[in-house]
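So the sequences go chain by chain: A and B.
The numbering of the first sequence is our numbering, which starts it at 1 and goes up by one.
The numbering of the second sequence is our numbering, which starts it at 1001 and goes up by one.
Built from N, CA and C at the ideal position, the CB exists for glycine as well.
This report concerns only the one structure given below.
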Amino acid sequence: MSARPATLVEQFERGLAAPICLTWELTYACNLACVHCLSSSGRRDPRELSTAECQEVIDTLERMQVFYVNIGGGEPTVRPDFWDLVDYATAHHVGVKFSTNGIRIDRAVARRLAGSDYIDVQISLDGATADVNDAVRGAGSYATALRAMAHLSAAGFSGFKLSVVVTRHNVSQLDEFKALADAHGAQLRLTRLRPSGRGADTWPQLHPLPEQQRVLYDWLTAHGEQVLTGDSFFHLAPYGGPLPGLNLCGAGRVVCLIDPVGDVYACPFAIHENFLAGSVRGPGGFAAVWRDSPLFAELRAPQSGGACRSCGFYDSCRGGCMAAKFFTGLPLDGPDPECVQGYGTEALLAAGSAAGRGDVPRPAPDHSHRGPVRGQPVPVTIGARPAAPRPPSRACDENPLTGFAAG
Amino acid sequence: MSTELAAAFDLDRPWRIDDQVAVRPEPFGALLYHFGTRRLSFLKNATVLAVVRSLAEHPSARSACAAAGVSPAALPAYERALATLADSSMIRERA
């Protein structure tokens, strides 16, 4: 070891006393059935944390000085105690940012939300036009989101977030999204599509193409800190330098997920037993999981970098996203499936044989609706296939010049 | 960055942490979170944490630095750090 003091990123990689960014999904229940839902939400889980248990979690977060939680779901606002829990959290000095499809944001709610410094709202929208959005989020979901934004805007809630998952179909609408956010006094937040939850089935058809990734990177660079990214595009850094943010995989180090039944996962995009660190219902609650979980200790230990170590760009992308690798069947110490150097494409080809054997991990648990849902999007893949083997790698879909894109 | 920032920050004035800011000690120093601006800042060592925490008890930022053992040679770096915090409203001048 050299005597050089550790950089801030290296310090973060060793873990913090408490998470910076904690996602808490309050329910798996959802009125929508988005084709890329990262938590495979739909039906409420009967083991969902009770109001009292949620309050206990909030007490713990207050003691740990977790400044704010990102509440999601499912659709969190369909929990009958949702507004009480928000009030409880803010009264206990835990700020709340919640993600919603807008279903419960009427005029009265918007007024109430606008009155608190400790509440932030994130409206999910995945197309700047109804056709693009509703194809993945369901018929009517664009109108619902726009109505919610109009209420927030009219109530004077400035700076709420318009949250967009970037896909192959909406990446050409970045300027329109920005204009939509600006028109409502909101801030645009763009995040990366992960092959998590139902996204495992739709990622191959929805993730941006290599040439689109370049467009996205240039657009993000041009807009700097005006546009939030949840630090999710650090795999694009080798195009020309880091985007604003920490630029590291925060799983178990600075982020984690509490799911609706109290299970703690390393990150919101890694709902799978391999990334299950413990439960808030266990002895010592959430604090003990964060502090003592063997999985988190492993994630905070120095990583080898594996196959990526010899790549000149490893220091900028840090190997990319753990969840994206895992759910596409790639080794965790190798390249990201969307590696801008094209190594992910090669790795996906190699993993294609694993997929043929059915070795690609399936996201679980699955709370998807079993029956039809009103306005449900038409699946972009033909034939849902929970148990069927994954088709071979989509590497052929990729631009054959992708390996030369770095230039 | 900060020649401009440093110029706007006066080491000889009294300062304090903003009321809407929470400070959380960490192995590397501390995290600061401002509930009003929803911004996060990092204090990169224990000395700057000690300075920031003691600002309100000193007649000037300079005096807080001296009490925390900041040497004259190191003072410009601390001045820049404090200027950055002032610029992001994490600390503010006392009346």
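is_contact[residue i, chain B] using C-beta, thresh 9 Å
{"i": "D117 of chain A", "result": "yes"}
{"i": "G312 of chain A", "result": "no"}
{"i": "H223 of chain A", "result": "no"}
{"i": "H93 of chain A", "result": "yes"}
{"i": "L243 of chain A", "result": "no"}
{"i": "L16 of chain A", "result": "yes"}
{"i": "G240 of chain A", "result": "no"}
{"i": "L8 of chain A", "result": "yes"}
{"i": "K178 of chain A", "result": "no"}
{"i": "Q481 of chain A", "result": "Any question about residue 481 of chain A goes unanswered here, given that chain A covers just 1 to 407."}
{"i": "G159 of chain A", "result": "yes"}
{"i": "K325 of chain A", "result": "no"}
{"i": "P195 of chain A", "result": "no"}
Contact with chain C by residue i, beta-carbon distance below 9 Å
{"i": "I20 of chain A", "result": "The structure shown contains no chain C; the protein chains it does contain are A and B."}
Cutoff 8 Å; reference residue i; Cβ partners in own chain excluding five residues on either side
{"i": "A1008 of chain B", "result": "A1083, A1086 and D1087"}
{"i": "P361 of chain A", "result": "H272, N274, F326, F327 and G329"}
{"i": "A1046 of chain B", "result": "G1029"}
{"i": "I382 of chain A", "result": "Only weak support exists for where I382 of chain A lies, its pLDDT of 46 falling under 50; the coordinates are left without a value."}
{"i": "D134 of chain A", "result": "G127, G140, S141, Y142, G375 and P377"}
{"i": "H55 of chain A", "result": "Contrary to the premise, residue 55 of chain A reads as Gln rather than His in this sequence. L85 and Y88, listed in sequence order."}
{"i": "T129 of chain A", "result": "Y142, Q173 and E176"}
{"i": "W24 of chain A", "result": "V57, V69, N70, I71, G72, L257 and I258"}
Beta bridge counterpart(s) of residue i as assigned by DSSP
{"i": "R189 of chain A", "result": "A:S163 and A:L228"}
{"i": "T23 of chain A", "result": "A:N70 and A:L257"}
{"i": "V121 of chain A", "result": "A:F98"}
{"i": "E1093 of chain B", "result": "B:W1015"}
{"i": "A179 of chain A", "result": "The partner list for A179 of chain A (beta bridge, DSSP) is empty, contrary to what the question assumes."}
{"i": "S983 of chain B", "result": "Residue 983 of chain B cannot be examined here, being either before or after the span of chain B that is shown, 1001 to 1095."}
{"i": "S279 of chain A", "result": "A:D263"}
{"i": "E1026 of chain B", "result": "B:G1029"}
{"i": "V1021 of chain B", "result": "B:H1034"}
{"i": "G42 of chain A", "result": "A:A29"}
{"i": "A251 of chain A", "result": "A:V255"}
Same chain, Cβ closer than 6 Å to residue i, neighbours up to 5 away in sequence not counted
{"i": "I1091 of chain B", "result": "W1015, I1017 and L1085"}
{"i": "G153 of chain A", "result": "It is Ser, not Gly, that sits at residue 153 of chain A in the sequence shown. Cβ within range, chain order: H184 and G185."}
{"i": "S368 of chain A", "result": "S40 and G42"}
{"i": "S232 of chain A", "result": "T191 and R192"}
{"i": "R300 of chain A", "result": "R14, G15 and R253"}
{"i": "A200 of chain A", "result": "F327 and P363"}
{"i": "V1048 of chain B", "result": "A1081"}
{"i": "A1064 of chain B", "result": "V1051, S1054, L1055 and H1058"}
{"i": "V289 of chain A", "result": "V264, A277 and G278"}
Own chain partners of residue i with C-beta closer than 7 Å, once the 5 adjacent residues on each side are dropped
{"i": "S1041 of chain B", "result": "L1032, L1085, S1088 and M1090"}
{"i": "R1062 of chain B", "result": "L1011 and D1012"}
{"i": "A181 of chain A", "result": "L162, Q187 and L188"}
{"i": "S1060 of chain B", "result": "L1011, D1012, R1013 and P1014"}
{"i": "Q213 of chain A", "result": "L236, E338 and V340"}
{"i": "F67 of chain A", "result": "G95"}
{"i": "L1106 of chain B", "result": "Given a span of 1001 to 1095 for chain B in the structure shown, any question on residue 1106 of chain B remains unanswerable."}
{"i": "V165 of chain A", "result": "H36, D126, T191 and L193"}
{"i": "D59 of chain A", "result": "H92"}
{"i": "R385 of chain A", "result": "Low per-residue confidence applies at R385 of chain A: pLDDT is 45, beneath 50, and the placement is therefore not dependable, though the value from the model is reported in the following sentence. Once the five neighbours on either side are set aside, R385 of chain A has no close Cβ partner at all."}
{"i": "T7 of chain A", "result": "none"}
{"i": "C249 of chain A", "result": "R318, C321 and M322"}
Review point. When you check each C-beta in the region 63-91 of chain A against every C-beta of chain B, which residues fall closer than 8 Å?
Key: Q65, F67 and Y68
Review point. Taking a cut of 8 Å between CB atoms, which residues from the region 1021-1049 of chain B lie near chain A?
Key: A1022, R1024, P1025, E1026, P1027, F1028, L1031, Y1033, F1035, G1036, R1038, L1040, F1042 and K1044
Point to revise | Residues, ordered as in the chain, of the region 113-139 of chain A that lie near chain B by beta-carbon distance below 9 Å | key: D117, Y118 and D120
Practice item. Pull out every residue of the region 331-349 of chain A whose Cβ sits closer than 9 Å to any Cβ of chain B, in chain order. Key: none
Exercise for review: Evaluate contact between the region 143-158 of chain A and the region 107-114 of chain A, counting only Cβ atoms and requiring at least three cross-stretch pairs below 8 Å.
Suggested key: yes
Exercise for review: Kindly confirm or deny that the region 262-269 of chain A and the region 332-348 of chain A touch, where touching means at least three C-beta pairs closer than 8 Å.
Suggested key: no
Check your understanding: Do the region 59-79 of chain A and the region 22-37 of chain A meet, that is, are 3 or more Cβ pairs less than 8 Å apart?
Key -> yes
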